[in-house]
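K.L.:
Everything in the sequence shown is counted per the numbering used here, starting at 2 for the first residue and increasing by one. For glycine and all other residues, C-beta sits at the position ideal for the given N, C-alpha and C.
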Amino acid sequence: MDFAQRRWRRVNDLGGRIFLCSLFYFGASCSSSTGGEKSGLQEDCIYLVYPVKKAVQVLNVKEGTNEMIKLDEAPSSDKAFWVLPTSSQ
Numbered sequence: 002m003d004f005a006q007r008r009w010r011r012v013n014d015l016g017g018r019i020f021l022c023s024l025f026y027f028g029a030s031c032s033s034s035t036g037g038e039k040s041g042l043q044e045d046c047i048y049l050v051y052p053v054k055k056a057v058q059v060l061n062v063k064e065g066t067n068e069m070i071k072l073d074e075a076p077s078s079d080k081a082f083w084v085l086p087t088s089s090q
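(1) When we look at the beta-carbon of E68 and count the other beta-carbons within 10 Å, is it buried (16 or more) or exposed?
(2) Looking at C-alpha atoms only, which residue of S30, F27, E74, D45 is the closest neighbour of A56?
(3) Using alpha carbons as the reference points, say which of A29, F4, K54 lies closest to C46.
(4) Using the rule of at least 16 other Cβ atoms within 10 Å of the residue's Cβ for burial, across every protein chain shown, is V125 buried or exposed?
(5) In angstroms with no decimal places, state the Cα-to-Cα distance between Q58 and F27.
Here you go:
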């Protein structure tokens, strides 16, 4: 988002950040160094959770890919939450 011009900008990466989003009520980001390989999350990706559908959509900005992952074993819920990693420092 370009706040100075109040418009969205196309980007080729997220600077190694990971964005975690739930529809309507939550969004957060973390660096790949605190939330990356150990957690199974990929840098330059946006994770959108769909709790009712039991699915997570993974948008890889750098690669230009989009994947829907079904979470069949997850309990049904109308709300979801993210547990965010802390810095290792």
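P.N.:
Taking the geometry as given:
(1) Residue environment for E68: exposed (fewer than 16 other C-beta atoms within 10 angstroms of its C-beta).
(2) Here the closest residue by C-alpha is E74.
(3) For the residues A29, F4, K54, the minimum Cα distance to C46 belongs to A29.
(4) In the structure as shown, the chain starts at 2 and stops at 90, and residue 125 therefore has no counterpart that could be examined.
(5) If you take the alpha carbons of Q58 and F27, they lie about 15 Å apart.
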